[in-house]
Every structure is written in C-alpha cells, then in structure tokens.
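Read in my numbering, the sequence shown has 138 at position 128, and its numbers run on one by one without any break.
Remarks on the structure that follows.
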Amino acid sequence: MVATKKDILSLLDFSREEITSVLESASDLKKNRLKSDPKAFKDRTGVMIFEKPSLRTRITFETAINELGGHPINLSGETIGMGKRESVEDVARNLERWVHLIIARTFSHRTVELLARSSRIPVINALTDKFHPCQALAFALTLYENIGESRNVKVVFVGDSNNVCNSIMGLCAKVGYDFTVVCPPSYAPKDDIMKPCLEAAAETGSRIVVTHDLLGAIKDATALYTDVWTSMGQEGETEKRKRDFTGYQLNEKVLSLAPSGVLVSHCLPAHRGEEITSEVLDSEHSIAFDEAENRLHVQKAIILHLFS
Ligand code: CP
Ligand code: NVA
C-alpha cells in the first residue's frame, strides 16, 4: 500500500520537478518495454470507472496495469450506478476496502474530487469535463521526443477551453512553455482555470495568451494542437458549435502559414473535416498517433510515481 495517498486530478497540483520526473520515467519505460518493466503494481488491483466512451485511455491503462504486474477491472458508470444507485462517496468507501487504485473518467470534475476525498487510495483522473492530465503528459513526452530540451517553445491550441486545452495550458504554465489558445469569443478559459495557470506561469516565465486571431497566433508556433469542437457531454450544442467554430480548422492553408517545421497534434478521436483535415492529421507534421502511443508509457510512469 502507498505510504502517502496522492491523487492525479490536475497537473496544476504537480510541481515542475514531478512532471519532469514522470516524463523521464515514461521515456525509460518506453525504451525498455516488456524487457524490464518494474512490477510495482504486482498483485494489486486497479479499478477503472468510465462514465463516457473511451478507446485510448481504457486500453492504455489496462495494458499499463497488466505490464506492471497488476490486475485491472473495468466498470462502466452505469454498472455501479455511481451517484444514482449509491453516492459517489460510498462507492469510494467500498472500493478502498478491496482495490489499490481508482482510475475514473467522469462527466463532472467534482465526481473525481469526491472519489479522491472519500477514499484512502489514489485516484487518477482519466478525463473529466475540466481536465485530462494524462493526455497533457503524453503530449509533453511526444513534444520532448521531437524538440528535446529546447526552452523556446510556443504551443498553440485551436479550439475551446475544454479538458484537453485546460490541461495543456496547465502543463505549459508549469514547465515554462508559452501557450496560446485561439478560440471564438465566448469559448475562452474561465477565471477558475486561468488564474492558477497564470500563477504557475509567473513562476516559470511561461506566457499565456488568449486570442481569436488564428493566423496571428500560429506564425511562430512550435506546435499546433486541436480537439473536437464538441466534447463528450455537450452533444446538445453540436450544431451551434459547428457554426461558431467555422474558420478555426487546422487545414493545409493554415499549416502553410505556420513555421515549416511546426508539429501538429490532436488527442483523438478526431472529427476529420471539422477541427482538422485528414491532409493535416496524416501529414509529416502530425505527432498525434505517437502521442496516443505515449499514453501507455506516461500512464505506467504515473502508476510508478504513485506506487514506488
Ligand atoms: N484521447 C483519449 O482520451 O481518447 P479516448 O477518449 O479514446 O480514451
Ligand atoms: N475534449 C474531448 C476529449 C476526448 C479525449 C472530450 O471530452 O470529448
């Protein structure tokens, strides 16, 4: 059992040193995969609760737990009726008696906070409406693999202030990369997200900018990032968002106005022809599928961080 309970709910709770340490560990794990995986989770069980669909997160966490010697149990939110059949707090109070780790993808960020607060075992956020920390760490590793220790980095996120945007902004603020979000006027990050990011950025020298000017923002970008215009749980706004995001697509014309070596990423799943075209997602600039691969390695590193 862990000596001190830690949770991974948002990268804003991480120090720069912890982020660096997790990324170094992920890089080592990637090099040595299936050769010398530490069995840090041996004979332990991790329960995965998914209130929303998933391909990457579910498969990479199950594989990570297996490769670290443990046992994953996958549950849908409906199976346990979290917050309906039984309160979130009581679900947590039961789970801590049997298993060693909770990995949860929930609609509301408050649900993962409640799980964390109500259990003595670690909770990892596998995506909420507010944050997706594992995705941001996978992006950081992939960026590092492409640009190394470079300090002169500007990440441009094109889309709304969703879970992925917020986590990448937090990551950039913590490690000292400049970050610009390009979004239609009413889709900018709210104060509860901006304030802690700006505080972290003030310590590392990261410059955080919100703009509606796509072409102005991308001119000196190191990496462009985008995500679906409508996140899971917002399906009722799909048509409105399609209208509002017209002009915010990563396509070949936009790419031609960015620096020639610019990297492009996407958390996936992508809506090809909406936020990004196939020509861009499948281009030599794209690191999206490398980032998807890196989910496995960073999540193993996160589990090691919690259990060693
Ligand atoms: N990027 C990501 O989290 O993918 P899934 O929704 O398929 O898990
Ligand atoms: N912002 C997207 C990310 C999916 C991985 C969503 O929440 O649906």
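Every residue gets a Cβ at the ideal spot worked out from N, C-alpha and C, and that includes glycine.
Fair warning: this is a prediction, and the values are worked out from it, not measured in the lab.
- In the three-state scheme derived from DSSP, where H, G and I count as helix and E and B as strand, Asp17 is classed as coil.
- Here Arg43 carries a coil assignment [DSSP, helix/strand/coil].
- For Asn76, the closest C-alpha among the options His119, Ser241, Leu306 is that of Leu306.
- Membership of Ala114 in the beta strand (DSSP E) is indicated by the continuous run 111-115.
- Taking the CA atoms as reference points, Gly87 sits about 38 Å from Thr214.
- Ser160 is bridged by DSSP to nothing; it lacks a bridge partner.
- Taking 8 Å as the cut-off, the beta carbon of Arg68 is found no closer than this to the beta carbon of Leu111.
- Apart from the 5 residues on each side of it in sequence, Leu124 sits with its Cβ closer than 8 Å to the Cβ of Val98, Glu99, Ala102 in its chain, given in chain order.
- Checking the DSSP bridge columns, you'll see Arg282 partnered with Ile286.
- Measuring C-alpha to C-alpha distances from Arg217 to each of Lys52, Ile113, Leu181 identifies Leu181 as the nearest.
- Annotated three-state conformation of Leu65 is coil, per DSSP.
- Beyond the five residues adjoining it in sequence on each side, Glu61 comes within less than 7 Å, by CB distance, of Gly87, Arg115, Thr116, Phe117 in the same chain, given in chain order.
- With a minimum length of 4 residues, the unbroken runs of alpha helix (DSSP H) contained wholly in the segment 215-243 fall at 224-228.
- In terms of side-chain proximity, the C-beta atom of Leu137 is found nearer than 7 Å to a non-hydrogen atom of ligand 2.
- In terms of CA proximity to Gly158, Ser37 leads the group Arg95, Ser37, Met58.
- Residue burial annotation: Thr236 is buried, with at least 16 other C-beta atoms found within 10 angstroms of its C-beta.
- Collapsing the DSSP output to three states places Glu294 in coil.
- DSSP places Val101 within a helical segment (H, G or I) once states are collapsed to three.
- If you draw a straight line from the Cα of Leu105 to the Cα of Ser129, it comes to about 8 Å.
- For His119, the enclosing alpha helix (DSSP H) covers residues 119-128.
- Checking the DSSP bridge columns, you'll see Gly56 partnered with Pro82, Leu111.
- In this structure, the alpha-carbon of Val274 lies about 22 Å from that of Glu34.
- For Ser86, the shortest separation between its Cβ and any heavy atom of ligand 1 does not lie below 7 Å.
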